[in-house]
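Worksheet for the structure shown next.
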Amino acid sequence: MWFAFSPKLCHHGEVRLCGWLLLTLALMGYPARVLAAAECAVTISPLGLPVNTTNIAIQFTLTNSGTETLRSAEIELPVQEELTYTTDQVTNWTVQDNGNAVSYMNGELSPGASFVTSWMMTAGETEGMSGDWTVGMAEDESASDLIGCTGNLGMYSNASVDITAPVVSGLSVAAAGTNVTVSWTTNEVATSKVRWGTQAGNYSGEQVDNSLSSSHSVVIIGLTPGITYYLVAQSTDAANNTGSSGEFSFNMPGVVTDTQILTVTQTSTVTNQVTQVIGERDTTKPTVSLNETVKALDDTPPTLTGRATDNKGILRVDYSLDGGTNWIGIEKIEGQGKKTATFSLKIPELLDGTYELVVRAIDTSNNVGKTKKQTFTIDKLAPKIGPAVWYQGPFLLSTNSSGALEGYEGFKQRVIVTAVGGATEVTLHLKSNEGEAQVVSLTETSGVWMGDLDLAAGEYQVWAASIDGAEKQEARAMGTLVIHPQAVITSQGEARSGVRVQAWRLDPLTGHFTVWDGSGYGLDNPVTTSIHGAYSLLLPAGTYYLTYSHEGVGVGRSHLFDLDKAAVVSEPVELSRKRFWQVGPWVIPVPKMAIDEAVMTILPEDGGEAAKLVEYKLPLFGLSRDQQVMYSTAWRGRPTVVAIFSEQVVEKDRLLKTLAELKVATQARVLGIVEQVPPLQTSLLEQRWQSEVPLYADVEGSISLQLGVTSIPTYLLIDGGGVVRVIMPGMVETDRLMELVGEMGRLGG
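In the working numbering, the protein residues as written are 1 to 749.
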């Protein structure tokens, strides 16, 4: 039996917390795995098996019908007696035969994509065998947490199984007004489907009638006079065998008042698929080739032509744009079912990026032949980089009053950026005040670029550079990064190594202090001073004190201190020589430890480069939301609060909650700008994140660049006259934003 743990199992009131913790761990590189809700579907053809036959080809088409990438699958026999099989190999998947089931592992199937596998079955002599195939897929790579796929899974076996596709004949087209009726007949009852379009082999329309009949009529409405249309009629019988008419074309006449029978021309023929091959198995692979070579594309994608040959017959031809991971069927094939077939393939409109084109031909015995990979690049845009999200441990980096990001020695800083325009390489460049330069290559994962920095104390100017497959380059300033040195514990002026520093946190429920457990954050507590006496602790909000010990002997503790935000505690401590070394019973005076509130504060008062806009009119720009555009001039008339962030900001739930509270508590206009997402995705993000404020897309990251925003999240407060009053990087609480909105109101904003 298969089980899958899903976020749906989280307590209803804790779903956001579950998601926040998982995303935090994933971004910080720590192992955490919970299966998200996933769905899959399967089509099996044929469902019936004739008894006492060998080498019956059963084809399984598995489709990812959910929103999560799937990486493994398993197919299990419906019955174990009198059924044997052999499997084919699936490109980029590890196939493992388990005796009565086959596992497909270590693959990748993105949402909406499908992969096809075929088994050669042998059925015994017993009639009436029946059962259900068991088909499942999983997000893991080892097929251990499978989710059952939907579809018609029933199998049956008898001496009179229908393995013959319906024969489509007598196709005609009649026009009335701007509508046409497509009619045909079949030699058995079957469903009706017509696919049509204005280009041969490219069908944008589809009309289906699932009722079973031998006389078929499908109405297509709203066609354009003077245009040539191409169509294919298909019928599927009750045994799941499909017959096709081949492709026909017709010219749509002007306005027709009476019904007019149109002239149709057959442009391609289809030999109905024979799904079973009985007898000695054919193992000869077909050959397939393309007549053209695809290179860099800047404008309209080309139409490619090719040829496939086989000793028996070509069943179908598919193409892949990701090197063979996912396949798409080619509709326009001349000579399907014959030993020689020609085909044409129009490359669809694609986003900027690098693609690997492979074409495969599959013969009637299910042998597969492929072309060599052709790598090509779509390059319409320069590879634009969005503003960065910075983390230290699991927490956002703080910024100082000048807008510079602040980190500390002893902790790695993680930077996360997005890039559009088909970037193939993104690098981070740092130059210290001493003139030393460093270059860090970022790693791409699912369209997000990230890297870890381990820097010495100092001040660094940071910028990012990107390059795409056509060697186009783009650079963007990322602001200033200040790395503070670790504090040192000394005794009589000498640094002391090996001192154990431990944080104790107040439990608000019990009123007692306990050792703070940093393991849930991936942080150490206690820490030990280095050979140079240096130390630092990264702590979340709370009330704390620190203890110091050496070789198990307590030597002191700090006073109590409060943190209202996550902060690095790294203050110099002077311990007396006696206190440091005495062993045995003695009285421990409390050493002084002055907590610098400026170091503890995370909220800045301005935003560095972006702060240059303060007290100036907001520049003119347009924001996209679904199919609408809103210009910045529309923000005048009342105060406006804008939060600029991205999908990579871990605390976006908290940010959106703050915006929702602000919207209710004030008269301000409140909205969010999401970096580098398609405009049509904003409404989906609003639903997924349960946002109560409208979200707009900065598609290429150009608006944040125009505003001088180098790190996110960042808040902009604009008065009713369109003047920028405050720019604040980092997370900001509702109360603080309400104060600032109130101040703008008193200023007449």
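No residue lacks a Cβ here, since even glycine has one placed at the ideal position from N, Cα and C. Note that the coordinates shown come from a computational prediction; the quantities given were computed from them, not determined experimentally.
Helix, strand or coil at residue i according to DSSP, with G and I counted as helix
i, result
"K346", "strand"
"A175", "strand"
"M120", "strand"
"E743", "helix"
"G107", "coil"
"G518", "coil"
"A634", "helix"
"S245", "strand"
"G608", "Residue placement at G608 cannot be trusted, given a pLDDT of 44 that sits under 50; what the coordinates show is reported in the next sentence. DSSP places G608 in helix when its eight states are reduced to three."
"V587", "In this prediction, V587 has a pLDDT of 38, which is less than 50 and means its spatial position is unreliable; nothing more can be read from the coordinates."
"M731", "coil"
"S320", "strand"
"L737", "helix"
"Q706", "helix"
"E188", "strand"
"Q89", "coil"
"K565", "coil"
"G99", "coil"
"F621", "coil"
Contacts around residue i, its chain only, beta-carbon distance under 7 Å, and the 5 residues preceding and following it disregarded
i, result
"P604", "Because the pLDDT at P604 is just 31, under 50, the model does not fix this residue reliably, and the value given afterwards should be weighed accordingly. Taken in chain order, the residues that qualify are T399, N400, S401, G403, M728, P729, G730."
"L523", "G393, L538"
"M121", "L49, I56, I58, L83, Y85"
"V590", "Any reading at V590 must be qualified, since the residue scores a pLDDT of 41, below 50, and its modelled position is unreliable; the value itself is stated next. So the list reads G556, R557, H559, once near-sequence residues are dropped."
Spatial distance of residue i from residue j (CA atoms)
i, j, result
"G742", "D735", "11 Å"
"I221", "S214", "23 Å"
"L671", "V677", "16 Å"
"S466", "A457", "27 Å"
"L321", "N106", "19 Å"
"Q486", "W463", "25 Å"
"A26", "Y460", "Note that A26 has pLDDT 44, beneath the 50 cutoff, so the model's placement of it is unreliable and the number below is only indicative. C-alpha separation (whole angstroms): 27 Å."
"Y408", "L655", "25 Å"
"V135", "G99", "15 Å"
"S572", "V488", "Reading the sequence as shown, one finds Pro at residue 572 and not Ser. Cα to Cα, the separation comes out at about 5 Å."
"G447", "I416", "11 Å"
"D88", "K373", "21 Å"
"G324", "T303", "19 Å"
"S204", "V194", "11 Å"
"R360", "A38", "29 Å"
"T293", "K370", "15 Å"
"K338", "K346", "23 Å"
"C40", "L481", "46 Å"
"V42", "F115", "10 Å"
"V317", "I333", "8 Å"
"Q199", "Y229", "7 Å"
"P286", "E356", "21 Å"
"D209", "K380", "41 Å"
"R636", "G177", "51 Å"
Distance between beta carbons of residue j and residue i, contact taken as under 8 Å
i, j, result
"V174", "T91", "Here the sequence assigns Ala to residue 174, which means Val is not the residue at that position. Not confirmed; about 45 Å, so no contact."
"A308", "F343", "7 Å"
"A190", "S235", "4 Å"
"K472", "A382", "5 Å"
"I378", "G353", "6 Å"
"L509", "I483", "Not a contact, Cβ separation roughly 37 Å."
"F60", "T150", "The Cβ separation is near 13 Å, so there is no contact."
"E692", "K384", "Not really, about 30 Å apart at Cβ, beyond 8 Å."
"V614", "V724", "5 Å"
"G386", "T418", "4 Å"
"V649", "P713", "6 Å"
"S536", "V569", "7 Å"
"V501", "L546", "6 Å"
Sequence-distant residues of its chain with Cβ nearer than 6 Å to residue i (five each side left out)
i, result
"W581", "Confidence is the limiting factor: at W581 the pLDDT is only 37, short of 50, which leaves the residue's position unreliable, though a coordinate-based value still follows. Excluding sequence neighbours, W581 sits near nothing in its chain."
"Y521", "P394"
"T427", "V439, S441, A465"
"A138", "S72, D145, L146"
"Y696", "L623, R625, I673"
"R757", "The structure shown does not extend to residue 757, since the chain is modelled only from 1 to 749, so the question has no answer here."
Own chain residues within Cβ distance below 8 Å of residue i, not counting five before or after
i, result
"R496", "I489, T490, T529, G533, H550, L575, F580"
"L620", "Y631, S632, T633"
Worksheet item: Quick one: complete alpha helix (DSSP H) runs, 4+ long, within the segment 363 to 419?
Response: Taking only runs of at least 4 residues, no alpha helix (DSSP H) segment lies wholly in the segment 363 to 419.
Practice prompt. Quick one: which unbroken alpha helix (DSSP H) runs of 4-plus residues sit fully inside the segment 641 to 699? Chain order, please.
Written response: Counting only unbroken stretches of 4 or more residues, the alpha helix (DSSP H) elements lying wholly within the segment 641 to 699 are 652 to 665, 682 to 689, in sequence order.
Discussion item. Ignoring anything shorter than 3 residues, give me the beta strand (DSSP E) runs that lie fully in the segment 433 to 517, in order along the chain.
Written reply: If only complete runs of 3 or more residues are kept, the segment 433 to 517 shows the beta strand (DSSP E) at 437 to 441, 443 to 445, 448 to 453, 458 to 468, 473 to 484, 487 to 491, 499 to 506, 513 to 515, in order along the chain.
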